[in-house]
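Protein chains in written order, with UniProt numbering: chain A, 1 to 375; chain B, 1 to 375; chain C, 1 to 340; chain D, 1 to 340. Comments concern the structure below.
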Amino acid sequence: MDLDLSSVAPFRAEVREWLRTHLPAAPLPSLEIEEGFAAHRAWERELYGARLSVVSWPEEYGGRAATPLEWLVFEEEYYAAGAPGRVSQNGINLLAPTLFQHGTPEQLARVLPSMASGEVIWAQAWSEPGAGSDLASLRATATRVDGGWLLNGQKTWSSRAAFADWGFGPFRSDPEAQRHRGLTYLMFPLDAEGITRRPIGRIDGKPAFAELFFDDVFVPDRDVIGEPGAGWKVAMSTTGNERGLTLRSPGRFLAAADRLLDLWRERADPADTALRDRVADAWIKARAYRLKGYETVSRTDDIGAESSINKIFWSELDVTLHETALDLLGPDGELEGDWLEGYVFSLAGPIYAGTNEIQRNVIAERVLGLPRAGR
Amino acid sequence: MDLDLSSVAPFRAEVREWLRTHLPAAPLPSLEIEEGFAAHRAWERELYGARLSVVSWPEEYGGRAATPLEWLVFEEEYYAAGAPGRVSQNGINLLAPTLFQHGTPEQLARVLPSMASGEVIWAQAWSEPGAGSDLASLRATATRVDGGWLLNGQKTWSSRAAFADWGFGPFRSDPEAQRHRGLTYLMFPLDAEGITRRPIGRIDGKPAFAELFFDDVFVPDRDVIGEPGAGWKVAMSTTGNERGLTLRSPGRFLAAADRLLDLWRERADPADTALRDRVADAWIKARAYRLKGYETVSRTDDIGAESSINKIFWSELDVTLHETALDLLGPDGELEGDWLEGYVFSLAGPIYAGTNEIQRNVIAERVLGLPRAGR
Amino acid sequence: MKFILDAEQRLFGETLDKILTEADTPSVIRGWAAGAHQPGLALWRSLAATGVLALAVPESAGGAGPLPVELVTAFHELGRHAVPGPYTETVAVATLLHRLGDELERGSEWLEGIAEGRVVASLALPALPALPAPPQAAAPYALDADAADLVLLVDGDELRAAAAGEVRASLDPARRLPSVVAGDVLAAGPSVAAAARAACDMGVLATAAQLVGVGRRLLEVSVDYAKARQQFGRPIGEFQAVKHHLADALVGLEYARPLVHGAAVSYGSPDFGRDVSAAKVAASEAAYAAAKIALQVHGAIGYTDEYDPSLWIRKARALHSAWGSPAAHRARVISALAGV
Amino acid sequence: MKFILDAEQRLFGETLDKILTEADTPSVIRGWAAGAHQPGLALWRSLAATGVLALAVPESAGGAGPLPVELVTAFHELGRHAVPGPYTETVAVATLLHRLGDELERGSEWLEGIAEGRVVASLALPALPALPAPPQAAAPYALDADAADLVLLVDGDELRAAAAGEVRASLDPARRLPSVVAGDVLAAGPSVAAAARAACDMGVLATAAQLVGVGRRLLEVSVDYAKARQQFGRPIGEFQAVKHHLADALVGLEYARPLVHGAAVSYGSPDFGRDVSAAKVAASEAAYAAAKIALQVHGAIGYTDEYDPSLWIRKARALHSAWGSPAAHRARVISALAGV
């Protein structure tokens, strides 16, 4: 057991140096508004140019085949430098792992490079008005037609879909099948004929999501991921990933905890030990999350349902860390600014990617082995 | 709306003066050990002599027909003076309200005066090894015989039964009936032929409970409370009371919060705002509980299931208040002493009289009107 | 001793509830947030007609007060309906003006205008005068001063006229926060400092009452949603996790209310300051907890701008630290109790 | 970089688990609590035979260490089995003696004795030397000194021989807390203060590891109980409230462990003190939370002296504040990070 990171020191140095010399001079506008979305897309292209947009991918798709440990290091440096949020995150973190597992070589070659470069930004289209936590109750349909499928129905809470290019998600392809069966996983351009998108304002008004309405939208067979009818299995390969480290890398929280420490130094009365304790806790938890990440990449077995433990931890850490910042800001805490934007973003954490209530059920039943409730 | 307590000022003054002149010079030994039990019994007799043991009861049974407001005032003065814990509490708080509602005049005349004087100390015998929170699954039986009933089976977690004189509780009198039906509520002397009692050590080793084993214990008809078979209804009139204010009067927490404040002044670094905030919270919550008590006695309607709100509040306040004290004591917090005894006592609060999980269900379903889960 | 609202006080609350339900406050808020103040000011006048703005103005100055119990009853409803506008600030200004009495040339004119609903007032308190050190970070904002007829600034022991400067946006869209441009000194000296402390206490009390109302509404809508929303083939309100969240929200609010009422009743006593601080601590924590639970129960829809409950969710957070954070008020409670 | 236990380290833990399971530690604890030290001392020797007591003693002094990763592996099992005895104190004494080296006449003799399990040591630290102000209340107790062969007292920069005085009872019956009677000065000066700081850090690390083990065991028995215990016609583990309690306990423990391992790995680096403090905060909170959850899941039976899990429940509370409260360790983390 060690934390000897000397083998990744050259890579760390390269990333740090590149960021030092390439970081935008001023912070980009929020990626949840149109102007910021465009600026963040340009930044993705710049990252891609240095082969830093998707470091863990194979080289043929724009990556550099970085090890999981190198990926952790990249993320530490990226957030420590205060680099922009990743507008491509839904594609990179949610679609790409699914494609690596279930995609055809043709799909990989077609989809991944433009995702890596930011040329195509992807939005996840999973939830429906009646199917949030209960994903198996999806009702939007894919109907078999010659050479492909016709999509109908509605998706909602599609993150970044207000400005993104393509979407992906499961649709009910067998109307007779119940719940987890009879779903098919598809990709589609968001400007396809028959798609109407309606941006939805987040709690701070920024259009971070959209509703999507499908009216006989044609999707060719080549845009089905995995077997038709096997959409649940395909979707689950994404959620396993989403609940692990990828969605919220430790680097993000380390950087946020360091910024919180700066804010505390700047704003707080050092005699206020109540706030001091909360700052200490945020830092300790960020360190715990970092070390857990090192533990995870040291393991060779599948972490499986244990990923739910991570989801609860990072989402709650994110909220309390930002609450501490707002409390440090006192009466300025309610004013628009970076900390408030981070707070608003954090509030979604306990809800999406499976609510924390669902995650606690998963931990209890699949990690601790408690009995499922009778239905 | 007012908090004008001038009408009860003479009563308050009388109680305060009596306590000032009669309080034992040194604290009594713990009432959970034999020596302390006897000392507390003697103290009950002294209270009774001044008609202060059961102020809210009618005069004929040893009380002084005090109003609920006067009772609150009595409790404030009693605990503020640091007077001994009430060894008669199970009888006074749990059996007496049941008797007032369901007892015969003969039972009231026979049972209450000796309860008020401490001559007879009562123990509650409700729980069984298989029936804790799920009281309806009781299995100890009462079998009809000539002139009375024969008790068989086992009760457990009977508070104070190690040294008490009489017990009371529900037994299954109709072996065919399910769950809430076919129970009968009875009283019995703990030294009756056929009863074996085994003291159980609390988490600090003190025999605060006992197990009771019943082997053909005869109970005459006159010791049945309410109708045979209606034991559930009789028991529920106790629990309604137990979850209200009676079991833990506001005076107790006000006094504890004041002692905590003294401890903080004596022990804490005033610059340690983290502990200061916890002391403030304990005091604020004790005040809230006191004011809620005034609100309750101002109401004329039945508080019904709202009593569950009180149970959660006082039991959680009691734990956090004592945890704060232990933290103030630092390395001395683990040592035997009054604060540790109070802490140990507080730990039982979220468990007994219906666990706080059950109370939350009650609040959700009966106060907020949420649907019961399908069975 | 009767520590519950009497029939008249309950009726007053019910009347306000009726007026505010009919007023469709969410649309008023959205207008107010965009700077369209007219519907909000019309509502101000309707509420003034019921006497809400006269409650902090003494009878001698043309008001009906001070009636702190009626005041917290009214602010509870203002919170339940998330009414936009500088109500708390106006009440604080009324207290300030009343305390300063003849020291201010136009004091009685302004007080009368406030009581009648003609004068909408706001106030900036760069440091909250009643709270002990460590001081809050400076907050040179006067809520909704751009919609006010009278804007004041208390800076140490100086009272100044002021004007609205640049408006900053709050997380709560109904709260517009202009910085203030200081004008003439209207009064100075220890009487200003004393009056500002009294004004601050009244502002804290009004905010605490409002918070309990905000929390109540969030609990109400969350319970309704939990009964209606189906997931996994059943209403989510059947799940124990949801039930326990909502039960916890209720427990917090049920114990914040008596502290608010207790503070109102202790108006005029030496404990008033301690008691409003205790009320603010409990109300802030209970309302904010209710907001987080409401968000969790609603899920994504509660996180959207367009769905009404989010208006209350955001207000709970903003008011949590407005008029002094829970930590600042805890410090004051201890200071009052222990003399440190 | 391989931040998990290697095969040999895992095997070491499993071996200890096996020895301790066979030892029936609850009966050993009950004997120890009553002053019957023999079974506990026999277990001490068995553990010494596996090398547990040699881990903090350097090879040069006849030990196998310092091996901090193996040390936390061992203390995790000591916690999981609630083994009674001054293991932590002995490890701290070993560190102290090692740091003082030749300054102590009998230092190397004692170190060798500790490594071989012949010398059971204890230590009183009236103030925890590594922790910043505000200082902890004085704690002039030396755990289980009445069963120890060597009792030391560090008072400021003086190291003294000491003897066990009156024994005070702890909430944890396995922890006997004699006050100490100070004897001869064995060493004095800045080197004593420095050695005491190092000893304190090692004691904190061992306690943190033990706490995670205590919490783990509490979670294990609670899960088993929740599967078996029937109420309302079903195992209580089917109820969401119980599930979520237990899931929360797991989350806390799963994130305390890497901090303990991370601190062990940073032994010898300038961050060691900060890292052991971070580990102690998380381990104290996670184990104590697990204890409260275990009590709630077990209900009344968990509250009884005779039912074994209560031994762990009580230990979690005692260790929560032993070797420095979470607040004291938070202060030290911030002090290390921010230099205040």
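The beta-carbon is built from N, C-alpha and C at its ideal position, and this holds for glycine as well.
What is the DSSP secondary structure of Pro113 (chain A), counted as helix, strand or coil? In the three-state reduction of the DSSP assignment, Pro113 (chain A) falls in the helix class, which pools H, G and I.
For the 8 Å Cβ check, are there 3 or more pairs between the segment 284-302 of chain C and the segment 238-255 of chain C? Counting Cβ pairs under 8 Å, three or more are found: they touch.
What whole-angstrom Cβ distance do Leu3 (chain B) and Tyr294 (chain B) have, given they're in contact under 8 Å? The beta-carbon distance between Leu3 (chain B) and Tyr294 (chain B), rounded to whole angstroms, is 7 Å. This is short enough to meet the 8 Å contact definition.
Here's the rule: buried if 16 or more other CB atoms are within 10 angstroms of the residue's CB, otherwise exposed. What is Asp144 (chain D)? Classification of Asp144 (chain D): buried, given that the 10 Å Cβ count is 16 or more.
So, using beta-carbon positions, are Val217 (chain A) and Glu193 (chain A) closer together than 8 Å? Going by C-beta atoms, Val217 (chain A) is nearer than 8 Å to Glu193 (chain A).
Note the first and the last residue of the continuous beta strand (DSSP E) segment covering Pro189 (chain B). Residues 183-189.
Do we get a CB-CB distance below 8 Å when we pair Met268 (chain B) with the residues of chain A? It should be pointed out that residue 268 (chain B) corresponds to Ala in this sequence rather than to Met. Chain A, which has no Cβ nearer than 8 Å to the Cβ of Ala268 (chain B), makes this no.
So if I threshold CB-CB distances at 7 Å, which residues from the segment 251-277 of chain D count as touching chain A? Within the segment 251-277 of chain D, contact with chain A at the beta-carbon level (separation under 7 Å) is assigned to Val251, Glu254, Tyr255, Pro258, Leu259, His261, Gly262, Val265.
At what residue ranges does the segment 209-284 of chain D contain a whole run of the alpha helix (DSSP H), taking only runs of 4 or more? Runs of the alpha helix (DSSP H) spanning 4 or more residues and lying entirely within the segment 209-284 of chain D occur at 240-265, in chain order.
Which residues, taken in chain order from the segment 327-344 of chain A, show a beta carbon closer than 9 Å to some beta carbon of chain C? Of all residues in the segment 327-344 of chain A, Asp327, Leu328, Leu329, Gly330, Pro331, Asp332, Gly333, Glu334, Leu335, Glu336, Leu340, Tyr343, Val344 have a Cβ within less than 9 Å of some Cβ in chain C.
With H, G and I counted as helix, E and B as strand and the rest as coil, what does DSSP make of Arg243 (chain A)? Unreliable placement is indicated for Arg243 (chain A), whose pLDDT of 46 sits below 50; the coordinate value is still reported in the next sentence. Helix at Arg243 (chain A).
Cross-strand partners of Phe218 (chain B) (DSSP beta bridge): Phe218 (chain B) pairs with B:Leu150.
Can you give the beta carbon distance from Trp323 (chain D) to Leu128 (chain D), rounded, assuming they're within the 8 Å contact cut? Yes, Trp323 (chain D) and Leu128 (chain D) are in contact; Cβ-Cβ is about 7 Å, under 8 Å.
With distances taken from CA atoms, which of A:Ala164, A:Trp126, A:Arg144, A:Asp277 is nearest Leu138 (chain A)? Minimum Cα distance to Leu138 (chain A) is reached at A:Trp126.
If we define contact as Cβ-Cβ less than 8 Å, is Ala274 (chain A) a contact residue for chain B? Residue contact check for Ala274 (chain A) against chain B: a CB pair falls below 8 Å.
Run through DSSP, which three-state label would Glu334 (chain A) get? Here Glu334 (chain A) sits in helix by DSSP.
Pull out every residue of the segment 38-72 of chain C whose Cβ sits closer than 9 Å to any Cβ of chain B, in chain order. Correct list: Val69.
Starting from the beta carbon of Glu295 (chain A), find every residue of chain D whose beta carbon is closer than 9 Å, and list them in chain order. Contact annotation for Glu295 (chain A) against chain D: Phe3, Ile4, Arg257, Pro258, His261 [CB-CB distance below 9 Å, chain order].
Mind checking which residues open and close the alpha helix (DSSP H) that includes Ser281 (chain A)? For the record, residue 281 (chain A) in the displayed sequence is Asp; it is not Ser. Following the DSSP letters along the chain, one finds Asp281 (chain A) inside the alpha helix (DSSP H) bounded by residues 273-298.
Give me the Cα-Cα distance between Arg252 (chain B) and Asp271 (chain C), rounded to the nearest whole angstrom. Straight-line Cα distance between these residues: approximately 22 Å.
Between the Cα of Gly13 (chain D) and the Cα atoms of D:Ala161, D:Arg197, D:Val69, which residue gives the shortest distance? Comparing Cα-Cα distances from Gly13 (chain D) to each of D:Ala161, D:Arg197, D:Val69, the minimum goes to D:Val69.
Buried versus exposed call for Arg317 (chain C) [16 or more other C-beta atoms within 10 Å across all chains shown]: Buried is the call here.
CB-CB length for Gly35 (chain D) against Pro84 (chain D), believed under 8 Å: With 8 Å as the limit, Gly35 (chain D) and Pro84 (chain D) do not qualify as a contact, their Cβ atoms being about 11 Å apart.
Looking at the structure shown, is Leu5 (chain B) part of a helix, part of a strand, or coil, going by DSSP? Shown here, Leu5 (chain B) sits in coil according to DSSP, grouped into three states, outside any helix or strand.
May I ask you to list the residues that DSSP assigns as paired with Gln124 (chain A)? Answer by DSSP bridge pairing, in chain order: A:Phe168.
Would you tell me roughly how many angstroms separate the C-alpha atoms of Trp44 (chain C) and Gly117 (chain C), rounded to the nearest one? Their Cα atoms are separated by approximately 7 Å.
Helix, strand or coil for Leu177 (chain D) per DSSP? Looking at Leu177 (chain D) - three-state DSSP - the assignment turns out to be strand.
Straight-line CA distance for His40 (chain B) to Thr273 (chain A)? Rounded to the nearest angstrom, the two C-alpha atoms are 43 Å apart.
My output table needs one value for Arg45 (chain A): the three-state DSSP class, helix, strand or coil. In the structure shown, Arg45 (chain A) falls within a helical segment according to DSSP collapsed to helix, strand and coil.
Selection of the segment 109-134 of chain B by Cβ proximity to chain D, strictly under 9 Å: Hits within the stretch, in order: Ser127, Pro129, Gly130, Ala131, Gly132, Ser133, Asp134.
So who's on the other strand from Leu123 (chain C), going by DSSP bridges? DSSP, once it has assigned bridges, lists C:Leu152 as partnering Leu123 (chain C).
In this structure, how does DSSP classify Pro199 (chain B) when only helix, strand and coil are distinguished? Here Pro199 (chain B) sits in strand by DSSP.
Which residues, in order along the segment 213-247 of chain C, keep a beta-carbon less than 8 Å from a beta-carbon of chain D? Those residues of the segment 213-247 of chain C placed with their C-beta closer than 8 Å to a C-beta in chain D are Phe239, Gln240, Ala241, His244, ordered along the chain.
Have a look at B:Glu119, B:Leu261, B:Thr355 and flag the residue whose alpha-carbon is nearest the alpha-carbon of Ala241 (chain D). Looking from the CA of Ala241 (chain D), the closest CA among B:Glu119, B:Leu261, B:Thr355 belongs to B:Thr355.
Look at the alpha carbon of Gly62 (chain D) and the alpha carbon of Ala56 (chain D), and state the distance between them as a whole number of angstroms. Cα to Cα, the separation comes out at about 11 Å.
Note down, in chain order, every chain B residue with its Cβ under 7 Å from the Cβ of Leu337 (chain C). Those are Leu261, Trp283, listed as they occur along chain B.
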